[in-house]
Each structure stands twice: as C-alpha cells, then as structure tokens.
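Scroll down for the structure; my scribbles are underneath it.
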Amino acid sequence: MKKFLILLLITLPSFAFCQAVITLSFCNGGGIIESSVFTTWQPDYNPDTHLVTLHNTYVDAAENLNGIPSSTVITASQTKFVRILNLQTGEVSIGTIIVIVNPPMEVSLAATLDSPTSSVMCYTFGGTPPYYFQWSIDGVIQTEGDTSMILIPTSNAVSEISCVVTDSSTNPCQAMASIQITPYTPINADALSILVDDTEIVTSTASVFYNDYLNYQSLTFPAIQQQVYLEETGEGWDNFNLNASGTISALPGTPAGTYNLQYSVFHVNGGFVGSASINLQVFSSAVQLIAFVDWDGNGIKSDDEPLFVEGKFLISGSDGTELELYSDTGTYVYNTLSNITYGLSYQVNDGSLPVFSCGTSFLDINPIAGSTTTYFFPINSTPAINGVVSLVSYQTPSPGFTRYYEVKVKNIGSLPIVNAVLNVQKPDYSTLVSYCNTCIATA
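The following block contains the structure:
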C-alpha cells in the first residue's frame, strides 16, 4: 500500500503594525479622509495596488470585518481603524485615526465708538484654533485667541467692513460677518454711526428730554450681541436709565444741563469690547398732558379738581409711532424731530367707564422745541354724582312711633368725592324730624 504525503501551502497575509495615531479635524458636517493620510502607515501607498477600508474596532480591522470604504464621509467625532491591504504582496497595515468634527463656526461683530477712533471686534465660536482674521481694511491678522480688534478713525470713508475667519482644521473652516458704517455728523459733534445687524450705535453729543417716553435714541446697541453698562462716574449719572431696548433716557426731574456719561460694552458671550462716552444735553421742553376730574363741567381745571389716573394717554405719531402712557403726574415729553405730528387722546379704564368718560382729543400737534405746551383732558362723570335714597316702609307708619334709618354711602372709585348731593325721600304719612349730615358725608 502506497502512502502519499500531501503538502498544503497556505499563504497568510503578513501584518505590518504601526503605532502612529493621527488626529484629523473637520468642519461641521464632517469630511472624507484624504488618501495622503494613508502614507503614514504605507509609505508606498498607491490606490491601484492598495485597498483601504475603515473599521470601528481594531479586531474588525485585523480580521477584515464590517469594513466601509475609505471614501465614506465622517459626520461625527469618532475613532476609526484603517486597514491597508497590499494587493500584490498581501501585506496588511493597520493604523488609528481620531476624527474630530467641530461644531459650526460662527462669527459675530461688536462695536463701540469713542472719538477720535472707533473699535470693531470680531468674535469666533467653534472651529479649531489658531484663527486667521482677514479684515477688509487691515488685511490678515493671525491670533491664538478667538477675538480680533481693529481701530477705525472717524475719518474713515468705508461704508462696510467685513471679517473673514479661517480656522486651522484639517479641512479649514471659514465664516464671515460684516457691519455697515455711515458718517454721522450732528450739529455739534463729529462721530460715526455703526450699524450692527441693522441696529444703530451712536456716540456723539445728542439731545434727550427728561421722562422721554417717545424713546429718543441717543445710544442703541444690538441687544443680542452686546451688553452695555453705565459707569458710576461723573456727576449726575444716576439721573439716567439704560433701557432694555438699548436707549439711554433721563429720569423724571433731571435738571436741565449737559451731562457726560461713561459706558462700557461687553459681548454677551464674555469679553470686554470697550468703553466710550456720550454727552447728553437735557432740556426742559415738554408737552404736558393732564387728565383731571371736571366736577363743575366747565372744561377748565381748578385747584380742587384732582388728576384722573384711571386710564391712559394714547399717542399716535405721523411716523407710525403708537404709544400708551400711564402717568400719575400727567407729564409727557416729546422727541426732537420737528417733522412729526401727534394725535393725543385719553382712554378711561374699563372699570371706571360706568362712571367716567373723556371726549377730548387733539390732532396734528407739532411740538415746539424750547417751549412747554399743556393739553387738558377733562374727565366727565356720567351721570353726575347725585345719589337718591328712598326710605320705603312696607306698611303704613303707625302714629306716634319713631323710626331711625341709617344710610351708608361707599365710594367704590379711587378718586375722592369732593362734591355730591344725596336726596332722601321719606315715606308718605311721615315727617322727617332730623338728620345727621356729617354722618352721611363720612359713612
């Protein structure tokens, strides 16, 4: 019996293990691993002679399991194991790639003005530092931080300034923002007006009227991007209020005069933008609106007729302004735009309508600068306060008997009743012997 020896030649792939770990950073949305990366583990890499697959684990890469093409777009941060197979020699190389997908890179601008120069700051969020800030007027500025600032002289004639930010990702990300700059030259100032997201920032000498409910804008800022704080410096700073809308207004009772206010601007995401100052000229010019209870019905306010506060003034401007003013003092102040006219009226609160009404209004009012004009709104009682109390007996009064009636009058409004008439009607067959007028008046 012949015995045969059969030799089986099995060729197994040889492994070239490389410990190199590469970190790649992509913009938001991810990217593709470039073929040049594969030379890290396979210096003679050639797409015609090498097959590359990506795997989630080292074991999968070693055993060629669950592979995906190297051209797959990586959309989230993760670790991938690269398997490189030499189709000619069967040699396999395995490497590690850490992929970082950055959040969206955003750019925003903030600005402040302080004659004779203004500063504009460019902020970036997301991406991979260092960043390259390319300004349209100053060229490229590289910085390790996430903020770049340039100074703009007030003589600058450029109407728009843009900032392009490029990060240092493997596939660089870019983002851009721009602001509009227009000359602003009031009568007694020389400054700039900067528009950021269609919001105006003005630092100059301006006019403000005390208790300025028409919101004359001496300073505005983009509330989403910046925070502005009044500094507690200089005399009279506490006479002013920084409104949520970004305007500075003088508080009621602020003496007329010129005030210099210091303010600081901060970016809402942190970071000091700059400080500036503004000169405000406060005048006493005003339109005074007075609503009063017209007890005698003559339309003229007398000293004993109180202010009426159970309602609101309605102001309608020819520029589309619609305002409602609640005022205990009756004072209202207009802005400085001489080409705007106003319609003025008064609306009584619903709870007071059964008793009070106002039929007075004024149209096409054009305030005169430097003067104070008063408009009166007489409030009429409807009907007049003349109460009638009937003392009614259910049976005919018996001769010789005395009865006492107590009448209580309650004022359900918020205004004092200065004058009123109370008529008492006695039952038939009875005689009114006496009454206490003081009791009725104070009950």
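If you count by mature numbering (1 follows the signal peptide of the UniProt record, and there is no 0), then the sequence shown holds residues -16 to -1, 1 to 427, one letter each, in order. In this text, a Cβ means the ideal position worked out from N, Cα and C, and glycines have one as well.
Limits of the alpha helix (DSSP H) - the one that residue i falls within
| i | result |
| --- | --- |
| V43 | Y42 to E47 |
Opposing strand residues paired with residue i [DSSP bridges]
| i | result |
| --- | --- |
| F297 | L309 and Y330 |
| R387 | Answer is none; R387 lacks a bridge partner. |
| S146 | S162 |
| S365 | F340 |
| Y83 | According to the sequence as given, residue 83 is Val; it is not Tyr. DSSP output for V83 lists L8 and Q62 as bridge partner(s). |
| T358 | Q272 |
| T37 | P53 and R67 |
| G14 | BP columns for G14 are empty, so no partner. |
| V393 | None; V393 has no bridge partner. |
| V277 | I363 |
| L416 | The partner list for L416 (beta bridge, DSSP) is empty, contrary to what the question assumes. |
CA-to-CA distance, residue j to residue i, given in whole angstroms
| i | j | result |
| --- | --- | --- |
| E306 | V339 | 27 Å |
| I84 | F65 | 14 Å |
| S336 | R387 | 37 Å |
| residue 512 | F10 | Residue 512 cannot be examined here, being either before or after the span of the chain that is shown, -16 to 427. |
| residue 493 | P114 | Nothing in the structure corresponds to residue 493, since the chain is present only between -16 and 427. |
| F276 | N350 | 23 Å |
| N333 | D151 | 60 Å |
| T187 | F297 | Confidence in T187 is poor, its pLDDT being 32 and thus under 50, which makes the residue's placement too unreliable to answer from. |
| E90 | T73 | 48 Å |
| Y243 | W221 | 8 Å |
| residue 461 | L135 | Any property of residue 461 remains undetermined from this structure, which presents the chain solely from -16 to 427. |
| L309 | D280 | 26 Å |
| I363 | D278 | 5 Å |
| N155 | G14 | 9 Å |
| A4 | V104 | 44 Å |
| T108 | D130 | 5 Å |
| P206 | C106 | With a pLDDT of 38 at P206, under the threshold of 50, the modelled position of this residue cannot be trusted; read the value that follows with caution. Approximately 14 Å, taken between the alpha carbons. |
| P27 | A161 | 42 Å |
| D44 | D32 | 23 Å |
| S61 | N86 | 8 Å |
| Q118 | V149 | 6 Å |
| G283 | F224 | 36 Å |
| E47 | S153 | 32 Å |
| T59 | I299 | 56 Å |
| E75 | C157 | 37 Å |
| F361 | D288 | 16 Å |
| L347 | G304 | 14 Å |
| I17 | G110 | 21 Å |
| I415 | K285 | In the sequence under discussion, the amino acid at residue 415 is Thr, which differs from the Ile named in the question. Answer to the nearest angstrom: the Cα atoms are 42 Å apart. |
| H34 | T41 | 20 Å |
| K410 | V393 | 17 Å |
| residue 432 | T63 | This structure leaves residue 432 out entirely; the chain is present only between -16 and 427. |
| V417 | G295 | 44 Å |
| Y389 | V293 | 36 Å |
| N12 | Q246 | 41 Å |
| C147 | T56 | 33 Å |
| Y116 | A159 | 11 Å |
Supposed close pair residue i, residue j - CB separation, criterion 8 Å
| i | j | result |
| --- | --- | --- |
| L273 | Y359 | 6 Å |
| I121 | I145 | 6 Å |
| I163 | L49 | Not a contact, Cβ separation roughly 55 Å. |
| L38 | G51 | 7 Å |
| G301 | Y330 | In fact, because the Cβ distance is near 17 Å, the residues do not count as touching under 8 Å. |
| V36 | S54 | 4 Å |
| R67 | I81 | About 11 Å separates the two Cβ atoms, so there is no contact after all. |
| T24 | I6 | 6 Å |
| S345 | L328 | 6 Å |
Boundaries of the beta strand (DSSP E) in which residue i is found, first to last residue
| i | result |
| --- | --- |
| residue 428 | Given a span of -16 to 427 for the chain in the structure shown, any question on residue 428 remains unanswerable. |
| L347 | S345 to I349 |
The ligand SAM heavy atom lying under 6 Å from the CB of residue i
| i | result |
| --- | --- |
| L135 | Within the structure as shown, the ligand SAM is missing, as the structure has no ligands at all. |
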